[in-house]
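**Student:** Below: one structure in structure tokens.
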Amino acid sequence: NGTNGTNGTNGTNGTNDSNGSNGSSCANASTPAPTEPEHPPHAPWVLGTWTTGYWDCCKPSCAWPRKGRVDRPMLACDARTGRIMSDGNARSVCDGGTSASCATHQPFTVHPHLTFGFAAAAVSGSHGLTGDENCAQCFQLQFIDKMHDGGVWGGAHRHLVNKSMVVQVINIGYDVTGHHSFDIQIPGAGQGIFSNGCRTQYPGFSTGDFDCNNRYGGCHNRAGCMRLPKALQAGCYWRYDWFHWLKDGGQTNNPWVKFRRVRCPRELVAISGSKPLDDDDFRPVTPSDYHHV
């Protein structure tokens, strides 16, 4: 699981020279047709990694000051009120404080073949994710048709294969190894080692309500989502409706992906409040990148 941190103006129009009686008229000048903006080429795909899911309610580690090369730190929410925190140094709810993940950090579908969300970057592997510098960066994950351990369990459901998810890195996970690349924030997917944050943020619920008493893996079926607070249920249902979790033959389960850095969608930046300083150097995801499923 991902861990909480230590914890131009418009130019004025040109005017005709009232004194120049022999000057040429601007009215006859042709106006060039507007051109489409040129995007940089796509970053190369990184191959051979797989993903997990979690939701522990902890303050995102990228919400601490001075994390990554960003315009501003990620937003966190007050565990008591649900409102945006103004104090970036507030302790995590998982460490006895009041700063927590926001309910808006759960995944949401923008097209049948594309969804947006947030994730922890698993940075101890050999796949190019390195640590705090990944904060606020966005990646396109494309789910591939591959199973674990020589093709005997898990992987992506057939209806998930070749679909894409764009995630923004909101957390950094140092407690993972090997080919693990992203830990996607999904309500009901398991609290992992931090089991006290959610019950503090959502009084009246027991620890087991947030992952169906299964801290590593979370709820096994859609019905388990009813145990979560109303504010988190949509993201839990997403896991079964779009992600096809454990729908058929143990798939989807920890699906393999190929991934590449992309420009952050405005929808994610509006939620996180943060964008990398080099974001414009990367190509945005366009319909041609996900309509081919």
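Numbering (my numbering), first residue to last: 117 to 409. Glycine is no exception: its CB is placed at the ideal position from the N, C-alpha and C atoms. None of these values were measured; they are calculated from a predicted model.
#1: Quick one: Cα of residue 358 to Cα of residue 201, how far?
#2: Is residue 306 closer than 8 Å to residue 334 when the C-beta atoms are compared?
#3: Does the structure place the region 223 to 242 close enough to the region 347 to 361 that three or more beta carbon pairs sit under 8 Å?
#4: Compute the Euclidean distance between the alpha carbons of residue 315 and residue 321, then round it to the nearest angstrom.
#5: Per DSSP, which residues does residue 278 bridge with? Please list them.
#6: At a cut-off of 7 Å, would you count residue 213 as near the ligand COA, judging by its Cβ distance to the nearest heavy atom?
#7: How would you call residue 165, buried or exposed, if buried means at least 16 neighbouring beta carbons within 10 angstroms?
#8: Buried or exposed: which applies to residue 309, given that a residue is buried once 16 or more other Cβ atoms fall within 10 Å of its Cβ?
#9: From residue 301 to residue 160, what distance separates their C-alpha atoms?
#10: What is the residue span of the alpha helix (DSSP H) that residue 348 lies within?
#11: Report yes or no: do the region 230 to 245 and the region 280 to 292 share at least 3 C-beta pairs separated by less than 8 Å?
#12: Are residue 275 and residue 406 closer than 8 Å when you measure CB to CB?
#13: If you draw a straight line from the C-alpha of residue 394 to the C-alpha of residue 279, how long is it?
#14: Using 8 Å for Cβ pairs, my map puts residue 251 next to residue 183. What's the rounded Cβ distance?
**Tutor:** Taking the coordinates as given:
#1: 31 Å
#2: yes
#3: yes
#4: 6 Å
#5: Paired residue(s): none; residue 278 is not in a bridge.
#6: As far as ligands go, the structure on display features none, and thus does not contain the ligand COA.
#7: buried
#8: exposed
#9: 24 Å
#10: 346 to 357
#11: yes
#12: no
#13: 26 Å
#14: 5 Å
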